[in-house]
Amino acid sequence: MTAIFAFFKNILFPSPVSLTSIPIQTTAYRYDTDSSATHTLPDGRQLGYAQYGLLTGKSIFYMHGLPGSRLEAAIFDDVAKAMGARMIAVERPGCGLSDPCPGWTLRRFPRDIESLAGSLGVQSFGVLGLSGGGPAVLACAAYFPKEKLKCACLVSALGPPDIGYAGVPLLQRSGLAIGYPYFPGLTTWWFEQQPTGRLDLSDEDRLALLTRVCKQHTKHAKDIPIFLNEKFLRLQIVTAKAAFAQGVRHAVHDGTISCTRWGFDLEDIRKDLPLQIWCGTDDSSVPFNHSVQMKHRMTGKDVVLTVKEGETHASVEINFMKEYLEGIVGYL
Numbered sequence: 001m002t003a004i005f006a007f008f009k010n011i012l013f014p015s016p017v018s019l020t021s022i023p024i025q026t027t028a029y030r031y032d033t034d035s036s037a038t039h040t041l042p043d044g045r046q047l048g049y050a051q052y053g054l055l056t057g058k059s060i061f062y063m064h065g066l067p068g069s070r071l072e073a074a075i076f077d078d079v080a081k082a083m084g085a086r087m088i089a090v091e092r093p094g095c096g097l098s099d100p101c102p103g104w105t106l107r108r109f110p111r112d113i114e115s116l117a118g119s120l121g122v123q124s125f126g127v128l129g130l131s132g133g134g135p136a137v138l139a140c141a142a143y144f145p146k147e148k149l150k151c152a153c154l155v156s157a158l159g160p161p162d163i164g165y166a167g168v169p170l171l172q173r174s175g176l177a178i179g180y181p182y183f184p185g186l187t188t189w190w191f192e193q194q195p196t197g198r199l200d201l202s203d204e205d206r207l208a209l210l211t212r213v214c215k216q217h218t219k220h221a222k223d224i225p226i227f228l229n230e231k232f233l234r235l236q237i238v239t240a241k242a243a244f245a246q247g248v249r250h251a252v253h254d255g256t257i258s259c260t261r262w263g264f265d266l267e268d269i270r271k272d273l274p275l276q277i278w279c280g281t282d283d284s285s286v287p288f289n290h291s292v293q294m295k296h297r298m299t300g301k302d303v304v305l306t307v308k309e310g311e312t313h314a315s316v317e318i319n320f321m322k323e324y325l326e327g328i329v330g331y332l
């Protein structure tokens with residue numbers, strides 16, 4: 001039985017990087033929720049969000065990972081302030097402060113963003129998604145006109161499921177192709193057994209467990225300085241607690257939506273939209289082929305693919321943060 005448990009643990013929670021990625025720094029991150037708020041949507045739902053960076057700056061809507069929450073965007077706070085950017089991290093239904101919404105699809109998400117943007121007085125903006133935030137970014141790219149959406153950016157991003165998951169380990173491939181779409185109950189149960197999902201424990205106890213797991217399983221040279229950093233892990237704990245606040249099953253359902261048909265195609269993306277795609281060849285969480293195939297299928301003249309040799313899922317998000325944020329701000 002131990003081998004079976006290990007199998008499902010690896011396919012459904014292959015590494016903490018799927019939750020969020022945090023740049024290494026010597027000072028503490030913001031672990032507070034002071035920047036958090038809710039917005040009432042036209043249908044009465046509450047939409048959770050948090051703001052970081054320069055609140056009078058150029059607006060970038062951030063799409064969190066899988067699982068994830070609004071608090072992930074704390075990773076951008078200092079860099080965004082320096083660049084004059086306003087990061088607005090929005091939670092999808094059932095995650096964090098956002099109400100669950102039965103029957104919700106990715107195609108509805110841009111309308112949620114549109115309502116929030118109006119309430120915040122944001123006339124135009126860019127969108128950014130890391131990892132599992134990719135599908136939400138692409139939904140916006142297929143919906144918003146050029147007067148509102150000025151640019152988009154995907155980093156280590158999950159693409160549409162019809163691309164397939166070749167190029168990552170079999171266990172991870174099985175989790176994306178089978179775990180989320182077909183066994184959400186089992187996926188939920190396994191997340192609840194992981195350090196980040198043990199909400200029955202104190203934050204400090206969960207941090208101790210996560211630290212031990214990362215020390216045992218982090219092997220790639222580019223990941224070691226990330227996953228052995230206490231500040232990184234502490235923010236993992238904080239953002240996971242927010243992600244699972246309404247129950248792990250809702251965060252897993254968010255994954256089910258991203259890993260099944262989206263209701264729109266890459267060919268629906270605006271042809272005049274400036275779009276950056278960043279990926280690393282050593283990504284073992286999302287196949288870097290997702291980025292390559294998305295570039296080929298989106299025929300806009302301003303779709304730019306940047307492949308970083310030897311970089312991982314997390315290291316691309318972290319080591320090139322300044323570059324991809326500058327690329328977004330340049331269009332705003």
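For the sequence shown, the UniProt record's numbering begins at 1 and goes up steadily by one. Where is the CB? At the ideal position from N, CA and C, for every residue including glycine.
Test: residue i CB closer than 8 Å to a CB of chain C
{"i": "V248", "result": "Considering every chain present, this structure includes no chain C. It has just one protein chain."}
Residue i burial status per 10 Å Cβ neighbour count (16 or more: buried)
{"i": "T56", "result": "exposed"}
{"i": "S21", "result": "Confidence is the limiting factor: at S21 the pLDDT is only 40, short of 50, which leaves the residue's position unreliable and the question unanswerable from this model."}
{"i": "L71", "result": "buried"}
{"i": "E317", "result": "buried"}
{"i": "E311", "result": "buried"}
{"i": "L235", "result": "buried"}
{"i": "S119", "result": "exposed"}
{"i": "P145", "result": "exposed"}
{"i": "A89", "result": "buried"}
{"i": "D223", "result": "buried"}
{"i": "P102", "result": "exposed"}
{"i": "T26", "result": "Bear in mind that the predicted position of T26 carries a pLDDT of just 46, short of 50, making it unreliable; the figure below should be weighed with that in mind. With fewer than 16 Cβ atoms within 10 Å of its Cβ, T26 is classed as exposed."}
{"i": "A240", "result": "buried"}
Which of helix, strand or coil DSSP assigns to residue i
{"i": "W190", "result": "helix"}
{"i": "F232", "result": "helix"}
{"i": "C259", "result": "coil"}
{"i": "G53", "result": "strand"}
{"i": "P23", "result": "Caution applies to P23, whose pLDDT of 43 falls short of 50 and renders its modelled position unreliable; the value that the coordinates give is listed next. Note: P23 maps to coil in three-state DSSP."}
{"i": "L273", "result": "coil"}
{"i": "R86", "result": "strand"}
{"i": "K308", "result": "strand"}
{"i": "K241", "result": "helix"}
{"i": "S15", "result": "Bear in mind that the predicted position of S15 carries a pLDDT of just 41, short of 50, making it too unreliable to give a figure here."}
Residue i and residue j closer than 8 Å at C-beta
{"i": "V155", "j": "Y324", "result": "yes"}
{"i": "G65", "j": "G133", "result": "yes"}
{"i": "D203", "j": "I237", "result": "yes"}
{"i": "G129", "j": "M63", "result": "yes"}
{"i": "G179", "j": "T187", "result": "yes"}
{"i": "Q46", "j": "T33", "result": "no"}
{"i": "G94", "j": "Q246", "result": "yes"}
{"i": "S69", "j": "G96", "result": "yes"}
{"i": "T306", "j": "W278", "result": "yes"}
Cβ-based neighbour list, residue i, same chain, cut-off 6 Å, excluding 5 preceding and 5 following
{"i": "F227", "result": "C214, T218"}
{"i": "V329", "result": "K58, M83, A85"}
{"i": "V304", "result": "Q276"}
{"i": "R198", "result": "R206"}
{"i": "R173", "result": "Y165"}
{"i": "H313", "result": "V17, S156, D283, S285"}
Sequence-distant residues of its chain with Cβ nearer than 7 Å to residue i (five each side left out)
{"i": "R92", "result": "S98, F109, A136, D254"}
{"i": "L233", "result": "L207, L210, T211, C214"}
Anticipated Cβ contact below 8 Å, residue i with residue j, distance rounded
{"i": "F264", "j": "A166", "result": "So it is not a contact: roughly 23 Å between Cβ atoms."}
{"i": "G300", "j": "L266", "result": "Actually they do not touch by this definition, with Cβ atoms about 10 Å apart."}
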